[in-house]
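Enquirer:
Numbering (the UniProt record's numbering), first residue to last: 1 to 73.
#1: State the Cα-Cα distance for the pair residue 11 and residue 20, rounded to the nearest angstrom.
#2: Reducing DSSP to helix, strand and coil, say where residue 10 ends up.
#3: Inspect the beta-carbon positions of residue 35 and residue 60 and report whether they are closer than 9 angstroms.
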């Protein structure tokens, strides 16, 4: 009887650890991406300048809106 109780507690602890670890990792990544977005307006300006274009502010904002829309999906 004590063997089954021990095995059950190990399995429950393993499942709980995986769930808590997943939740903690997800929260950490969401916070990290919010503080350090993958692409910002300055990066878009540099990228367009490297392609030989001088972007207007409207174009930069449109591209940021598209990036944010894509990131939310």
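Cβ coordinates follow ideal geometry from the N, Cα and C atoms, glycine included.
Expert: A quick look at the data gives this:
#1: 14 angstroms
#2: helix
#3: no
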